[in-house]
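For reference, the structure discussed in these notes is given below.
There are 2 protein chains.
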Amino acid sequence: MARDPLSPRCADCGIRHRAVCSRCDAAELARLEQVKFYRSYEAGQRVVWAGDEMAFVGSVVTGVATLSHSLEDGRVQVVGLLMPSDFVGRPGRETAPFDVTAASALTLCCFRRAPFERLMAEMPHVSERLLEMTLDELDAARDWAVVLGRKSARERVASFLASVARREAKLELVPPPRPQRLALPLTREAMADHLGLTLETVSRQLGALARAGAIALDAKRRISILDPARLAAETGDDATAA
Amino acid sequence: MARDPLSPRCADCGIRHRAVCSRCDAAELARLEQVKFYRSYEAGQRVVWAGDEMAFVGSVVTGVATLSHSLEDGRVQVVGLLMPSDFVGRPGRETAPFDVTAASALTLCCFRRAPFERLMAEMPHVSERLLEMTLDELDAARDWAVVLGRKSARERVASFLASVARREAKLELVPPPRPQRLALPLTREAMADHLGLTLETVSRQLGALARAGAIALDAKRRISILDPARLAAETGDDATAA
DNA sequence: CGCCGATTTGAACTGCTTCAAGCCATGTGG
DNA sequence: CCACATGGCTTGAAGCAGTTCAAATCGGCG
Chain W
473 MARDPLSPRC
483 ADCGIRHRAV
493 CSRCDAAELA
503 RLEQVKFYRS
513 YEAGQRVVWA
523 GDEMAFVGSV
533 VTGVATLSHS
543 LEDGRVQVVG
553 LLMPSDFVGR
563 PGRETAPFDV
573 TAASALTLCC
583 FRRAPFERLM
593 AEMPHVSERL
603 LEMTLDELDA
613 ARDWAVVLGR
623 KSARERVASF
633 LASVARREAK
643 LELVPPPRPQ
653 RLALPLTREA
663 MADHLGLTLE
673 TVSRQLGALA
683 RAGAIALDAK
693 RRISILDPAR
703 LAAETGDDAT
713 AA
Chain L
473 MARDPLSPRC
483 ADCGIRHRAV
493 CSRCDAAELA
503 RLEQVKFYRS
513 YEAGQRVVWA
523 GDEMAFVGSV
533 VTGVATLSHS
543 LEDGRVQVVG
553 LLMPSDFVGR
563 PGRETAPFDV
573 TAASALTLCC
583 FRRAPFERLM
593 AEMPHVSERL
603 LEMTLDELDA
613 ARDWAVVLGR
623 KSARERVASF
633 LASVARREAK
643 LELVPPPRPQ
653 RLALPLTREA
663 MADHLGLTLE
673 TVSRQLGALA
683 RAGAIALDAK
693 RRISILDPAR
703 LAAETGDDAT
713 AA
């Protein structure tokens, strides 16, 4: 496992204003800087195994990771996507509840778990922000339950693309150009495992959305959103016409 | 809406050792006691509408509530069950993200939102416990995604029964008798909306589990778990034989 | 150039939904 | 005290969305 691929000062960090540290002042950042360290992973590498002891916690700096659970017979469910600024691991838990896997090249800003927990007790800014982020993730996880429990294959794929586009747009400082082009962070198989479908069905529905003019398949892992309103309509969420 | 059906002292409260207040000392409890108030709802009553302003937050004292989201065309997904000691509402959010509905007769121990937020800032015991509870709920929500995304109808129904039995057992002080008898907190329709199935399929799978000897259908809303190991095997989670 | 993994496409199958009765307990008014 | 609504539940039969299995195509990369 490669280490320390970069070591910028916190003040210059790309996720400075969105991660657990976002509410920290300069003095607090200085304390974090002392104990933080970076780790990098290649696409496909496992970061954490479910059930293993979590030696560290941290934030995604660049890249995307999946949180997933596997059943004995090989079925897999991707229960969450971790994008830049998202937090990995949890204070107060010894073992990881889910597998964490790098979906693309990934860099984490890490802290050893025990020291981080001690810091949290002294820095309410961090624990407040972590509570806020956790509540947001809980809402997101419950929103995803609607997708998994009640939506058709077409709606699931459209919902996924819409949510990736939304998160991508939020990370950028300037509004995205139209048409919005985006790199899909997952393979067809990982998408299927996230959407509760088979990879064949995902492929067919992507094709169908392209034929319908909502999107264009630019390359295997790259699409353009030609008609955002149409895509939104295909999610099944909202009859709100634009 | 009925109010103040009961007003026990916090020290005697049934959820004293599990709810947000579980870490509070006597002095802190006294502060909460000053501002708390009870609300009761009949089965079927709506507690909160999604999108509405949340005037209060609180804990389930008795009864069960559902958290759900409805799509325009009438599809419904129950994204969570709220059992005694679970927390309703969230500090730092003006509007409710989901509908909250009483599934049975329900009593909440409430706090007006703004004063509660102020209290939280002064009582780290409360915010720590809330973070812990939120992290647990997040894990539970993600575990449920596995059910919705990857399990068959049979496995979903078995998983639901197993999870209700587990939570029920955890609330009791003494281990449950064998066979464990339990009151289903939801109608067939609400179960279906939780499991991402139709009510007919739920009914058929309950019948099938009974025919297989895993459970007995004692009454419409009441079952016995005759063979816990068999039921566990039917969930699809674990090939661990007993 | 030729291999390999990822993706697309095709065709048959199936588990769940859909639509439609029927059942059972409870309650209500004549 | 019975006739008859009413709401939750069960049962049946037909249809279909998505899976499964299989094969073809694409796109990198050594």
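Order-wise, the sequence lines are chains W and L. Using the working numbering, the first residue of the first sequence is number 473, and each one after it goes up by one. Using the working numbering, the first residue of the second sequence is number 473, and each one after it goes up by one. Even for Gly, the Cβ is constructed at its ideal location relative to N, Cα and C. It should be emphasised that the depicted structure is a prediction, and the values quoted were computed from it without experimental measurement.
query = How far does the beta strand (DSSP E) with L620 (chain L) in it reach, from first residue to last?
reply = Boundaries for L620 (chain L): no beta strand (DSSP E) harbours it, while the alpha helix (DSSP H) harbouring it runs P596 to R622, taken from the DSSP string.
### Query
Leaving out the 5 sequence neighbours to the left and right, which residues in its chain are closer than 8 Å to P647 (chain L) when beta-carbon positions are compared?
Same-chain partners within the cutoff: A641.
_Beta carbon proximity, S599 (chain L) to chain W, threshold 8 Å_ = By the rule that beta-carbons nearer than 8 Å mark a contact, S599 (chain L) touches chain W.
Own chain partners of S542 (chain W) with C-beta closer than 6 Å, once the 5 adjacent residues on each side are dropped: Taken in chain order, the residues that qualify are V548.
| query | Along the chain, which unbroken stretches of the alpha helix (DSSP H) at least 4 residues long are found entirely within the region 644 to 684 of chain W? | reply | For the region 644 to 684 of chain W, the full-length alpha helix (DSSP H) segments reaching 4 residues or more read 660 to 667 and 671 to 683 along the chain.
| Comparing the C-beta of D709 (chain W) with each C-beta of chain L, is any distance below 8 Å? | Closer than 8 Å to some Cβ of chain L, the Cβ of D709 (chain W) qualifies, so yes.
| query | By the criterion of Cβ-Cβ separation under 7 Å, what are the contact partners of W521 (chain W) in chain L? | reply | Neighbours of W521 (chain W) in chain L, taken as residues whose beta carbon is under 7 Å from its own, are absent, since the nearest beta carbon is some 16 Å off.
So H541 (chain W) contacts chain L; which residues on that side make the cut at Cβ distance below 9 Å?
Correct list: R614, D615, A617, V618 and R622.
| said: Output needed for S599 (chain L): all residues of its chain with C-beta closer than 7 Å, excluding positions within five of it in sequence on either side, in chain order. | reply: Hits under 7 Å: M592.
Residues of chain W with a CB under 9 Å from the CB of V572 (chain L): which are they? None at all; the shortest Cβ gap to chain W is about 12 Å.
- Just the C-alpha distance for R503 (chain L) and P563 (chain L), rounded to the nearest angstrom, thanks. Here the C-alpha atom of R503 (chain L) lies approximately 18 Å from the C-alpha atom of P563 (chain L).
Point to revise | Cut-off 8 Å between Cβ atoms - residues of its own chain near V492 (chain L), not counting five sequence neighbours on either side | key: Excluding five sequence positions before and after V492 (chain L), the CB atoms of its chain that fall closer than 8 Å to its own CB belong to S531, F559, V598, R601, L602 and M605, given in chain order.
task = Give the single residue among W:R694, W:E672 and W:P651 whose Cα lies nearest to the Cα of R702 (chain W).
result = Of the candidates W:R694, W:E672 and W:P651, the one whose C-alpha sits nearest the C-alpha of R702 (chain W) is W:P651.
(Q) Measuring alpha carbon to alpha carbon, tell me which residue in L:G535, L:L620 and L:V519 is nearest L643 (chain L). (A) Nearest in C-alpha terms to L643 (chain L), of all of L:G535, L:L620 and L:V519, is L:G535.
Exercise for review: State yes or no: is the C-beta of V629 (chain W) within less than 8 Å of the C-beta of V572 (chain W)?
Suggested key: Result no, Cβ atoms of V629 (chain W) and V572 (chain W) do not sit closer than 8 Å.
Going by the DSSP bridge assignment, what does H541 (chain W) pair with across the sheet? Beta-bridge annotation (DSSP): H541 (chain W) is paired with W:Q549.
Could you pull the start and end residues of the alpha helix (DSSP H) that V507 (chain W) belongs to?
V507 (chain W) -> alpha helix (DSSP H) spans A498 to V507.
So, at 6 Å on beta carbons, what are the nonlocal neighbours of C582 (chain L) in its own chain, with the 5 sequence-adjacent residues on each side left out?
The residues are F509, R511, F528 and G530.
Checklist line | C-beta contact flag for M555 (chain W) and R488 (chain W) at 8 Å | finding: Contact: no.
- Query: Exposed or buried, which one is E514 (chain W) when buried takes at least 16 other CB atoms within 10 Å?
  - Reply: Burial call: exposed.
Next on the checklist: Just to make sure I have the definition right: I need the residues of chain W whose C-beta is within less than 7 Å of the C-beta of D699 (chain L). Which are they?
Outcome noted: By Cβ distance, chain W contributes nothing, its closest Cβ being about 20 Å from D699 (chain L), past 7 Å.
- Bridge partners - S531 (chain L), DSSP secondary structure assignment: Partner(s): L:F559 and L:C581.
- Per DSSP, L689 (chain L) forms a beta bridge with which residues? Secondary-structure assignment with DSSP links L689 (chain L) through a beta bridge to L:I695.
Review point. Would DSSP call E568 (chain L) helix, strand or coil?
Key: In the sequence on display, residue 568 (chain L) carries Ala and not Glu. The answer is coil: DSSP assigns A568 (chain L) none of H, G, I, E or B.
Inset, instruction - Give the straight-line distance between the Cα atoms of R565 (chain W) and A586 (chain W), rounded to the nearest whole angstrom. - result: One C-alpha to the other measures close to 10 Å.
### Query
Are A575 (chain L) and A662 (chain L) closer than 8 Å when you measure CB to CB?
Yes, Cβ-Cβ distance for A575 (chain L) and A662 (chain L) is below 8 Å.
- Task: Given a cut-off of 8 Å, decide if A617 (chain W) and A617 (chain L) are closer than it, judged by their beta-carbon atoms.
- Result: A617 (chain L) is a Cβ neighbour of A617 (chain W), given a cutoff of 8 Å.
| request: Examine chain L for any beta-carbon lying closer than 8 Å to the beta-carbon of E525 (chain W), and answer yes or no. | output: The beta-carbon of E525 (chain W) is placed no less than 8 Å from the nearest beta-carbon of chain L.
What residues from chain W crowd round T606 (chain L), counting only those whose CB sits closer than 7 Å?
Around T606 (chain L), the beta-carbon contacts reaching into chain W at under 7 Å are L603, T606, L607 and L610.
Legend entry - Interfacial residues, the region 666 to 684 of chain W to chain L, with Cβ spacing under 9 Å: Under the 9 Å Cβ criterion, the region 666 to 684 of chain W contributes H666, L667, G668 and L669.
Between T567 (chain W) and D608 (chain W), is the Cβ-Cβ spacing less than 8 Å? At the C-beta level, T567 (chain W) and D608 (chain W) stay beyond 8 Å of one another.
How would you call R614 (chain W), buried or exposed, if buried means at least 16 neighbouring beta carbons within 10 angstroms?
Buried, by the Cβ-count rule.
Please report how far the alpha carbon of V551 (chain W) lies from the alpha carbon of H666 (chain W), in whole angstroms. Roughly 6 Å separates the two Cα atoms.
Cβ of R653 (chain W) within 8 Å of Cβ of R693 (chain W)?
No. Outside cutoff.
Item to complete: Put R481 (chain L) into one of helix, strand or coil per three-state DSSP.
Response: Three-state result, R481 (chain L): coil.
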